[in-house]
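Shown next, in structure tokens, is the structure this report addresses.
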Amino acid sequence: MSGGHGHGHAGGAHRWRLRLAFNLVAGYFVVELVAGLMSGSLALLSDAGHM
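Take 1 as the starting number for the sequence shown in the numbering used here and just add one per residue.
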């Protein structure tokens with residue numbers, strides 16, 4: 001009753017895409033955080049905090 005599927009680890013291509021997505025989000029977070037602090041924009045700070 002296994003259904004013909006496994007629960008193995010993600011392959012290299014999937015891991016690369018996950019790291020790329022994480023790095024993009026982290027980059028946007030840093031940019032929004034710095035811009036929000038420099039400009040005093042609560043909107044940018046709150047958006048950075050929701051990432």
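Idealized CB from N, CA, C, for every residue including glycine.
Between Leu24 and Gly36, which are expected to be in contact by the criterion C-beta below 8 Å, what is the C-beta distance as a whole number of angstroms? Between Gly36 and Leu24 the Cβ distance is about 18 Å, and since that is not below 8 Å, they are no contact.
Just curious, the alpha helix (DSSP H) that Ser46 is in, first and last residue? 42-49
Output yes or no for whether 8 Å exceeds the beta carbon distance between Glu32 and Ala21. no
Which residues mark the beginning and the end of the alpha helix (DSSP H) in which Gly27 is found? 12-39
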